[in-house]
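Trainee: Quick one: this structure, given as C-alpha cells, is what I'll be asking you about.
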Amino acid sequence: MKVVLFSLLVTTLLATHSHAASPSDQVHLLRPQSGAAGKHIHGVNCLSWRLAVETNSLQKWTLVPEACEQYVGHYMLGRQYRDDCNAVGEAAAEYAKSLKLAGDGKDIWVFDIDETTLSNLPYYARTDVAFGAMAYNGTKFNEWVATGKAPAVPGALKLYKKLVLLGFKIVFLSGTLKTYREVRITNLKEAGYHTWEKLILKQVGDKGTAVAYKSAKRGELEKAGYRILGNMGDQWSDLLGTHVGNRTFKVPDPMYYIS
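Heads up: the sequence shown runs through residues -20 to -1, 1 to 239, numbered per mature numbering (1 follows the signal peptide of the UniProt record, and there is no 0).
Encoded structure:
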C-alpha cells in the first residue's frame, strides 16, 4: 500500500502542474476510523486527531499515530489537502488586496519554506518516512533537501504571485541550515518563486526553539524598518511568539510538529 501511495503521489504532483488533469482523478476517500483497505481502527479517530493538531490543541507530539499513517497519506495526496491550502491562500489574497501599501518597499510578507511554499511530500511518502509515522531522521531529510527537487505547495505559488503584483516584498524565513542556501535558491526559483527581498536561513549561532528563532529574526526585520503585514507558515511555531505581523495564516501539516 505504501508503494501505491507513492505512485499516487507522483501522479498527483504531476497533475498539480497540469491543467489537463482532472482534479477528481486525484481524490482519495478520507476514512477517519479505518485504514486504506477499510479495516476499522479501534480507539483512534484520525480526523479528530488531525483537527487537534491543526488547532494546536495537541502539542509536542513526535509521531503520527501508526494507525493514522494511511489516513494522513490519503489526506496529503488527495484533493482535500489541496482545497485546504487553496482556501488559506485565497483568504490571504483577499486580506492582502484590502491593504494600502506605503510604496516605500518596506511592506513585507513573511513565508516559511518547508510545507508552506515548498512541499516535501516526495520525501514524506517514502516507505522509510511513512508520512511522519516513523521517527524523524535529520540526515535523510537533509539529503532530500540537497536534491533541490521540492515542488511548490498547492495554492502557495498563486498567492506569492498575487502578492508580488500587489507590491509586497517577500521574505522567506526558514529553519533550513544556511549550508543549503544555494540549493534552496535554485529550488525556489525552479518551483516558480523568482524574486524576494530576503532569504533568511538558520546559522550555527541561532539557538533555541523555532518560536524563539523566528521571533528574533522577525524582530530584526522590524528593527530594520520593515512592516510585516502578513505571515504564513505550516507550523504554529512559525506564527507564535513576538513580531508575528499584522495577520497570520496557517496551511495544514499533519505530518510533523516543530516547537
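Just so it is clear, CB atoms sit at the ideal spot from N, CA and C, and this is done for glycine as well.
Residues in its own chain within less than 6 Å of L220 by CB, not counting five upstream and five downstream?
Mentor: In the sequence shown, residue 220 corresponds to position 240, counting from 1. Only V191 meet the Cβ criterion.
Trainee: Going by the DSSP bridge assignment, what does residue 251 pair with across the sheet?
Mentor: Past the boundaries of the shown model lies residue 251; the chain is included only from -20 to 239, so the question cannot be answered.
Trainee: For R164, which three-state DSSP category applies?
Mentor: Mapped onto the sequence shown, residue 164 falls at position 184. The answer is helix: DSSP assigns R164 an H, G or I state.
Trainee: For K230, tell me which candidate among V224, W216, T222, Y237 has the shortest Cα-Cα distance.
Mentor: Taking the sequence shown and counting its residues from 1, the one referred to as residue 230 is at position 250. Answer by Cα proximity: W216.
Trainee: How far does the alpha helix (DSSP H) with L201 in it extend, from its first residue to its last?
Mentor: Here residue 201 refers to the residue found at position 221 when the sequence shown is read from its first residue. Residues 190 to 203.
Trainee: Determine the burial state of V133: buried for a count of at least 16 other Cβ atoms within 10 Å of its Cβ, exposed for fewer.
Mentor: By one-based count along the sequence shown, residue 133 stands at place 153. By the neighbour-count rule (16 or more Cβ atoms within 10 Å), V133 is buried.
Trainee: How would you call Q39, buried or exposed, if buried means at least 16 neighbouring beta carbons within 10 angstroms?
Mentor: Walking along the sequence shown from the start, residue 39 turns up at place 59. Under this definition Q39 is an exposed residue.
Trainee: Look up A126 in the DSSP assignment and say whether it is helix, strand or coil.
Mentor: For the purposes of this step, residue 126 is identified with residue 146 of the sequence shown, where counting begins at 1. The answer is helix: DSSP assigns A126 an H, G or I state.
Trainee: Can you tell which of G135, Y103, K141, I88 has its C-alpha closest to the C-alpha of V125?
Mentor: Position 145 of the sequence shown, counted from the start, is the residue given in the question as residue 125. The candidate whose alpha carbon is nearest that of V125 is Y103.
Trainee: Which of helix, strand or coil does DSSP assign to D87?
Mentor: Along the sequence shown, one-based indexing puts residue 87 at 107. Here D87 sits in strand by DSSP.
Trainee: Should K117 go down as buried or exposed, given a rule of 16 or more other Cβ atoms within 10 Å for buried?
Mentor: Numbered from 1 along the sequence shown, position 137 holds the residue referred to as residue 117. Before going further, note that residue 117 is Asn rather than Lys in the sequence given. Exposed.
Trainee: What three-state label does DSSP hand A132 in the structure shown?
Mentor: Within the sequence shown, residue 132 is the residue found at index 152, counting from 1. A132 falls in the strand class under three-state DSSP.
Trainee: Checking the sheet assignment: what are the DSSP bridge partners for R106?
Mentor: Counted from its first residue, the sequence shown places residue 106 at position 126. According to DSSP, which records beta bridges pairwise, R106 is partnered with nothing at all.
Trainee: Taking G53 as part of the beta strand (DSSP E), name the residues at either end of that continuous run.
Mentor: By 1-based counting over the sequence shown, the position of residue 53 is 73. Run containing G53: none in the beta strand (DSSP E); it sits in the alpha helix (DSSP H), 49 to 57.
Trainee: Reducing DSSP to helix, strand and coil, say where K182 ends up.
Mentor: Looking up residue 182 in the sequence shown gives position 202. Here K182 sits in strand by DSSP.
Trainee: By DSSP, does V151 sit in helix, in strand, or in coil?
Mentor: Taking the sequence shown and counting its residues from 1, one reaches residue 151 at position 171. If DSSP states are grouped into helix, strand and coil, V151 belongs with the strands.
Trainee: Whole angstroms is fine: what's the gap from R59's alpha carbon to L101's?
Mentor: For the purposes of this step, residue 59 is taken as the residue at position 79 of the sequence shown. For the purposes of this step, residue 101 is taken as the residue at position 121 of the sequence shown. Whole-angstrom Cα-Cα distance: 14 Å.
Trainee: Does G112 come out as helix, strand or coil in the three-state DSSP assignment?
Mentor: Position 132 of the sequence shown, counted from the start, is the residue given in the question as residue 112. Helix at G112.
Trainee: In whole angstroms, what is the alpha-carbon distance linking G15 and A47?
Mentor: Taking the first residue of the sequence shown as position 1, residue 15 is located at position 35. Taking the first residue of the sequence shown as position 1, residue 47 is located at position 67. Bear in mind that the predicted position of G15 carries a pLDDT of just 46, short of 50, making it too unreliable to give a figure here.
Trainee: If you follow the beta strand (DSSP E) that R227 is in, where does it begin and where does it stop?
Mentor: Residue numbering aside, residue 227 sits at position 247 when the sequence shown is read from its first letter. That residue, R227, is in no beta strand (DSSP E); it is neither H nor E in DSSP.
Trainee: Going straight from the alpha carbon of R227 to that of A32, what length do you get?
Mentor: Working through the sequence shown from its first residue, we reach residue 227 at position 247. Working through the sequence shown from its first residue, we reach residue 32 at position 52. Their Cα atoms are separated by approximately 22 Å.
Trainee: In or out: L137 buried (at least 16 other Cβ within 10 Å) or exposed?
Mentor: Position 157 of the sequence shown holds residue 137. Buried.
Trainee: Note down the Cα distance separating K203 from T222, rounded to an integer number of angstroms.
Mentor: Along the sequence shown, read from residue 1 onward, the residue named residue 203 stands at position 223. Along the sequence shown, read from residue 1 onward, the residue named residue 222 stands at position 242. Straight-line Cα distance between these residues: approximately 13 Å.
Trainee: State the start and end residues of the unbroken beta strand (DSSP E) segment that holds G221.
Mentor: In the sequence shown, the residue the question calls residue 221 occupies position 241. No beta strand (DSSP E) holds G221; DSSP gives it neither H nor E.
Trainee: With DSSP collapsed to three states, give me the class of I238.
Mentor: If you number the sequence shown from 1, residue 238 lands on position 258. Reduced to three states, the DSSP call for I238 is coil.
Trainee: On the three-state DSSP scale, how would you describe D214?
Mentor: Residue 214 sits at position 234 when you count from the first residue of the sequence shown. Coil, per DSSP.
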